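**Student:** The structure's right below; bear with me while I get my questions together.
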Amino acid sequence: MKSLRIAFLVALAFALASAALASEESKNLESAPPVKAYRALLAAMKAGDYAAYKSWMVRDAGPRMDETTKQMGKDPKDVLSFLAMLTPPEVVVTGLEVDGDRAILHATGKLDGETNYGTIEMSEEDGS
13 MKSLRIAFLV ALAFALASAA LASEESKNLE SAPPVKAYRA LLAAMKAGDY AAYKSWMVRD
73 AGPRMDETTK QMGKDPKDVL SFLAMLTPPE VVVTGLEVDG DRAILHATGK LDGETNYGTI
133 EMSEEDGS
């Protein structure tokens with residue numbers, strides 16, 4: 013019985029340490045430039061600031077967004093509102109891969125009570 017108790021305590025200690033390390037890793041990811049850029053894009057989207065949102069997109073995406081918005085007959089703020097509705101309110105970045113000027117963020121978030129998993133592909137242009 014004593015060995016079972018010790019095994020349980022070791023398992024519990026490992027689980028608590030793993031959770032603490034995962035939390036610390038998530039905090040470290042938040043300080044990475046690609047994650048900061050993604051957070052700024054999300055903030056612009058939630059604020060309905062179309063110009064700021066486009067400034068965080070790759071250069072050729074802006075004109076395409078303008079054209080699509082125009083074709084749909086929508087106001088840019090309506091488009092951002094729609095995108096915000098499709099985005100989980102709290103996105104947790106769980107991993108980061110960087111290869112030169114490209115980065116891939118791995119993320120989770122709950123939307124309508126369901127956990128969603130996804131990747132965000134990013135590209136650095138002109139050093140920003």
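The sequence shown begins at 13 in my numbering and counts up by one. Think of the CB as a built atom: it goes at the ideal place given N, C-alpha and C, for glycine as much as any other residue. Fair warning: this is a prediction, and the values are worked out from it, not measured in the lab.
To the nearest angstrom, how far is the alpha carbon of Lys-48 from that of Leu-108?
**Tutor:** The sequence position of residue 48 within the sequence shown is 36, counting from 1. The sequence position of residue 108 within the sequence shown is 96, counting from 1. Between Lys-48 and Leu-108, the C-alpha separation is close to 12 angstroms.
**Student:** Can you name the start and end residues of the alpha helix (DSSP H) that Ser-9 belongs to?
**Tutor:** Examination of residue 9 is not possible in this model, given that the chain is present from 13 through 140 alone.
**Student:** Near Gly-60, which residues of its chain fall below 7 angstroms by C-beta distance, leaving aside the five closest residues on each side in sequence?
**Tutor:** As a first step, residue 60 must be located in the sequence shown, where it is residue number 48. So the qualifying residues of the chain are Lys-89, Leu-92, Ser-93.
**Student:** Just to confirm, is the Cβ distance from Ala-115 to Val-103 under 7 angstroms?
**Tutor:** In the sequence shown, the residue the question calls residue 115 occupies position 103. In the sequence shown, the residue the question calls residue 103 occupies position 91. No. Outside cutoff.
**Student:** Out of Asp-87, Met-97, Thr-99, Tyr-129, which has the shortest C-alpha to C-alpha gap to Thr-106?
**Tutor:** On the sequence shown, residue 106 is found 94 positions in, with the first residue counted as 1. Nearest of Asp-87, Met-97, Thr-99, Tyr-129 to Thr-106, Cα basis: Tyr-129.
**Student:** Which residue spans inside the segment 53 to 127 form an unbroken beta strand (DSSP E) run of at least 3?
**Tutor:** List check, beta strand (DSSP E) in window: 104 to 111, 114 to 123.
**Student:** Look up Glu-133 in the DSSP assignment and say whether it is helix, strand or coil.
**Tutor:** Numbered from its first residue, the sequence shown carries residue 133 at position 121. Looking at Glu-133 - three-state DSSP - the assignment turns out to be strand.
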